[in-house]
Amino acid sequence: MTMDPLFLALSLFRRRKFEECSEICTQLLKKNPYDQAAWCLKTRALTEQVYVDEIEVDEEGIAEVLMDDNSMAQLPRPGTSLKKPGTGIGAPTPGVRPMSQSGRPLSGFVRPGTQSARPGTMEQALRSSRTAGTARPVTSASGRFVRLGTASMLSQPDGPFINVPKLNLVKYAQRQNLAKSLFEYIFHQENDVRNALELAARATEACNFKDWWWKVQLAKCYYRLGMFRDSEKQLKSSLRDQEMVDTYLYLAKVYVRLDQPLTAIEILKKGIEKFTGETALLTGIARIHEALNNMSDAVQVYKDVLHYDNTHVESIACIATQHFYTDQPEVALRYFRRLLQMGVYNTELFNNLGLCCFYAQQYDMALNCFERALSLSTDENMADVWYNIGQVALRIGDLALSYQCFRLALAADNNHAESYNNLGVLEFRKGNIDQARVFFQTAQNLAALMYEPNFNYALLSQKVGDLQSSFSAVNKSLEAFPEHWDSKDLLRQLRVELAAL
Amino acid sequence: MLVPIFTLKLGQKIHSRRVTIGKYDGQRPCLTAATTAGKVFVHNPHSQAVEGGRVTTVNTDISLLNINQQVSAVCAGQLGGSENDVLVVGTPTTLLAYNVQDNTDVFYKDVPDGVNVLTVGQLGTTSSPLAIAGGNCSLQGFDYEGNDQFWTVTGDNVCSLALCDFTGDGQNELLVGSEDFDIRVFKDDEMINEMTETEAITCICPLYCNRFAYALSNGTVGVYEKSNRLWRIKSKNQAIALCSYDLNGDGVPELITGWSSGKIDARNDKTGEVIFKDNMAASVAGIVKGDYRLDGKEELICCSVDGEVRGYLPSSPQASDNLMGVDIAQEMLRDLSQKRQNLLLELKNYEENMKVSQSMQSSGGVDVDQSKLGIIPANTQLQTSLHVNPGSEHVLPSVELSIATSNEMIIRAVMIFAEGIFDGECHVVHPLQTSLSNSLQVSIFPPRDYPVDLHIKAFVGTKTSSQFHVFEITRQLPRFALYTLYPGEVLEPSSSVEFHINERVNRVVLWINQNFLLLEEIEAVNGQLDVAFQSLRTHTPLVIRMQQNGNVTLKTDDMDLAGEVIQAMTTFLKIEELQTTADFPIQMDDLNNILVKVDELHSAGQKLTAEMADHSNLIRSLVVRAEDARLMGDMKNMRRGYMELYDLNRDLVNGYKIRCNNHTELLNCLKMVNQIIQRAGNLRVGKHKSSMISSCRQAIKSSNMSSLFKIIKAGVQ
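In the order they appear, the protein sequences are chains A and B. So the first sequence is numbered by numbering that gives the first Met the number 0: it starts at 0 and just counts up by one. So the second sequence is numbered by numbering that gives the first Met the number 0: it starts at 0 and just counts up by one.
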């Protein structure tokens, strides 16, 4: 007595064993090519294999960031745009909270987009993506999505399961039971947005523009094609039919791409009115505040998130980071320990715990934490751990150890600009001017948006009498951090000296 | 002499008629205008002080907004919701309301009819202010949330809009100028008045009370008080912008006109007399008023297309005589001496005549050549008559105006002045010396069915006289001049309109006799009316039947004509509301075809747009790849990348052309739909008309085509 193969396939699907499920469906379809149930199940199984969360996993491609023509204002008022980092209200200065390589303050939680800023030139865009260790797609329409699609294709020796260009989309659009899974297949598996769009357009017409789901899918296609205004229209219309958390999030994403963060926040707030305490929406608001460098508001919203969901890792991490950088390492330590309790066990967390312990003067714990961090570390994050140990060594005055640590950090990642900078400072103290200059210059090249190497280089040049280089470097430093007092002071001195010449 | 109080060079091109001013932060006014490459700039001078006097400030306080489409209209104003002004930007397909202060959209709407012109303000009885967009034959008003609160259709493409208290009831009416030479007045969505001009109306500007100014594309500028025209002038340049501003400080606003030649002038609103003139280097782009120096006084701000901005303050009332910088007394003296000259000449003439007649009397019966003196018999009369010339194979049908004197006096020349019939509004006939006679025929081709006053001036005298008497006569051309009684058997048109009126048949007969040019008056037979006309323009029949019980049937295939007959008849009979049953099978067939075509074009357009977006994504990635190759010094790959880019770009340009054609076609179709609805509306009177139009709108919105046809036929849902 064998099990009914379709039932078995369904069960496999539910247990997320998609490979086996699709194999059984293939056999069923061989027997009867018109078996709709098997066909539908197979499409769904194949889709599930490559399914990615559209809302969370989305990074603007280099091309979109660089050739952005969707944002309205070219010179927006501070605090109303995501374009220029560091224009927010109540943002910590770069002197207190370090910048990421792209010029945003470090976030407590890495997600697509936190590494990104809008680069000024093509060179900058291409270089920072090559060195930052992120896998940034060239455009959001190609890149990652194409890669995912083609990878799964290899497992099908006799060509693709559905030949999309040959499909009669009009016919399928009439059959609502098949159309939805077919759409997801075309969209996620084939990544053929144009055909997916056509199917969605016909399907939504077939159900008299009443089905909210199709409208959201249309919006997704438009979003992928970069037609944000059409996407906006569909999402709004969908929300009129049926209010969904996902739709609100998507709409907010559209506004973020249109560089209208305040509208996005407005939309999310509207969503919260309907879905009180929905943490996904609250997190969305907090993220936008964070991207606007409005940290106080961001932390406030993250706290609201914790009120509803006290195991929300992102919120805890962000609040902890904020406390750490506002000089409350003891409080930050409590939050990080909470993360540890919840089972987060990785290099980054131990590294942060180590730093917190150090600044909270629990030196015995600090070194243990760093050891743990090192033992867990991988190639990507080892450099950061060594850098932090070096930082600790610097603070306790062990310059030899810190020199070693920075060297080790560079051995792990030879693009670690912060280490180059600190090495430069150490060399400068030793009196090795030439060595120091080389380190500063390397750091400058690697991280254009960091002000420290620029300022250090300016100081060094001024000391040795190279006023011209000093002047240009100090200007760069002020560009990255306009309120930096020491840079301003140096600039004033330089002006006097240059005038005297 | 009045001089500008400030002059700015913005360094941005300004598109004409697309200038506005708004207080985006609730306090400080910012000049906003459309500029090249689908951008709108906002000039906010208050990050730094504007220098006074005539000092030109070079400033950098301009921020640009990307619209990425051709900007067809901009307007700023209060849309409710907050203290701040909202910037409303129209493009050929969309309408965007944007909060400049917060960099947020207020709403974004697709407007398939296009946005030709925009205005923001309170309309009629609607509770909240609206952003009103005039497109191709349609008017749409959106509130703060982007709901369309107001929709109606007009006869042709809208080219100017203004809100003005036309009726004086404290509520704003909407004045709409369109390409069919009409200014229409809408009270809420009901049309209450219509004024016909001679060209497309490019600007309308409310002055004060119920007075408003208008400008035409042929260079005419004029002022209406309600529906009476106070004055008008014509220039060879085109008026670009109109504004009302009290420039001479007398408490009454003047009409400020900006011309395509760069001239700015201020005219008295009652007489049209010029009180101030100035010149800009390039064509004027727009004129606005606002407190641009934040000193509590409102300035008049004129912008040229080159980005030059001038601000004027009103002069003090004492200096008001002297705005032009010329000596008024001397001017007056010259005027008066001119008049004196003319009067002296006239007097001399009379004296001559007197002398001759005296010598004639004294010599007694000597036949003095009277004609030399320009004397004509006292009983000379000028007779005019109008009749229809049905035309022949070579001669176009026309209305023939015959002018004749009652005796042997000849007509040397005739000048006919009538609006909208002749090119340049005036027609002069002066026959050859050899063919002078005592009668004259002038053919008139009225382009539309509209009553026109013909102002006729005839020069009458004897054959040899050198001086002529001028006879002035005004004759009205009836509305339906180019129609004759149908010769022979009538081929009944398939379309008809039926309605019931509580009027006697004789009244309708009277109306027909007044409004058609008939050789002999028609009469009702047995208390019933049955008359058939032929339109000489199209040679199609028009049948009017009325029974004793008041049932009227109009039979014609021309929906426009039926509408005009009904409108004219109801105005004459003072019927304020009329519901009709219309049956136009040909038009309905057309409409059906158009709607099918619109659907097709829509889906084709959608597909093309998606394709284009896909291509532009590809192009972007190719640029990045090629640049990457360049940065790494891999010239071979870079070359390949750019070659591919070139090919793709060419494809994209071709695709764009196809899309453009598709869009124009779609636009034409939508325009036709709007026009059919408008014509169907014209078949009804009063509230039936506006309710029919709004229910048509509902039907189109819900794409319920069968009910659309029913509404057009019955007038109700």
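Think of the CB as a built atom: it goes at the ideal place given N, C-alpha and C, for glycine as much as any other residue. Remember, it's a predicted structure, so these values are computed and weren't measured experimentally.
Among the options, nearest to residue i - alpha-carbon criterion
i      : options                           : result
Q77/B  : T151/B, Q121/B and L63/B          : Q121/B
G134/B : S689/B, V428/B and S71/B          : S71/B
T35/B  : I232/B, I203/B, N67/B and P44/B   : N67/B
T219/B : A240/B, N209/B and V394/B         : A240/B
G145/B : C136/B, D164/B, F106/B and G176/B : F106/B
Q188/A : V51/A, K252/A and V298/A          : V51/A
L5/A   : C20/A, R15/A, A372/A and I318/A   : C20/A
C136/B : V73/B, D179/B and V251/B          : D179/B
Q340/A : Y362/A, H322/A, T325/A and I315/A : I315/A
K179/A : Q216/A, S295/A, L234/A and D363/A : Q216/A
L621/B : L644/B, R658/B, R544/B and N525/B : L644/B
M704/B : Q11/B, I593/B, P376/B and H538/B  : I593/B
E22/A  : A37/A, E272/A, S471/A and K235/A  : A37/A
Cβ-Cβ separation, residue j to residue i (assumed contact under 8 angstroms), whole Å
i      : j      : result
A435/A : L459/A : 6 angstroms
V489/B : V427/B : No, V489/B and V427/B are not in contact; Cβ-Cβ is about 40 angstroms, not under 8 angstroms.
W213/A : A195/A : Rounded, the Cβ-Cβ distance is 11 angstroms, inconsistent with contact.
V304/B : A328/B : No, V304/B and A328/B are not in contact; Cβ-Cβ is about 38 angstroms, not under 8 angstroms.
I61/B  : Q11/B  : 6 angstroms
Buried versus exposed, by CB contacts within 10 Å (16 or more), residue i
i      : result
P446/B : exposed
Q674/B : buried
P328/A : buried
N345/A : exposed
W484/A : exposed
L332/B : exposed
H14/B  : buried
D588/B : exposed
K219/A : buried
K41/A  : buried
Q139/B : buried
H288/A : buried
F165/B : buried
A212/B : buried
E231/A : buried
Q47/B  : Residue placement at Q47/B cannot be trusted, given a pLDDT of 43 that sits under 50; the coordinates are not used to answer.
P3/B   : buried
P477/B : buried
N31/A  : exposed
S495/B : buried
D366/B : A caution first: D366/B carries a pLDDT of 49, below 50, which makes its placement in the model unreliable, though a value can still be read off. That one is exposed.
R143/A : Annotation note: pLDDT 45 at R143/A (below 50); position unreliable, no value reported.
D142/B : buried
D448/B : buried
Closer than 8 angstroms: residue i CB and nearest the ligand PLP heavy atom
i      : result
K487/A : Inclusion of the ligand PLP in the displayed structure is not the case, the ligand content being empty and no account of it being possible.
Q) Which full runs of the alpha helix (DSSP H) of 4+ residues lie inside the region 532 to 576 of chain B, going along the chain? A) 558 to 572
Does the region 377 to 390 of chain B come within contact of the region 468 to 475 of chain B, defined as at least 3 CB pairs closer than 8 angstroms?
yes
Notebook entry, point to check: So, do the region 269 to 282 of chain A and the region 246 to 260 of chain A have three or more beta carbon pairs nearer to each other than 8 angstroms?
Noted result: yes
* To do: Examine the Cβ distances between the region 482 to 497 of chain A and the region 12 to 31 of chain B and report whether three or more of them are shorter than 8 angstroms.
  => no
Exercise for the section: Count the CB pairs spanning the region 475 to 489 of chain B and the region 426 to 442 of chain B that are closer than 8 angstroms, and state whether there are at least three. Expected result: no
With three or more beta-carbon pairs closer than 8 angstroms as the criterion, would you say the region 601 to 609 of chain B touches the region 653 to 668 of chain B? yes
- Would you call the region 569 to 588 of chain B and the region 620 to 639 of chain B touching, i.e. three or more CB-CB distances under 8 angstroms? no
Does the region 202 to 217 of chain A come close enough to the region 76 to 94 of chain B to have 3 or more Cβ pairs within less than 8 angstroms?
no
Q | Three CB pairs or more closer than 8 angstroms across the region 200 to 213 of chain B and the region 237 to 256 of chain B | A | yes
- Message: Taking 8 angstroms as the cut-off, does the region 400 to 418 of chain A touch the region 380 to 389 of chain A (at least 3 CB pairs, one atom from each stretch)?
- Response: yes
Suppose only complete runs of 4+ residues qualify. What are the alpha helix (DSSP H) ranges in the region 395 to 430 of chain A, listed by chain order? 398 to 411 and 416 to 429
Problem - Three-pair Cβ contact test at 8 angstroms for the region 417 to 426 of chain A versus the region 396 to 403 of chain A - result: yes
Check whether the region 450 to 457 of chain B touches the region 397 to 410 of chain B, counting contact only when three or more Cβ pairs, one atom from each stretch, lie closer than 8 angstroms. yes
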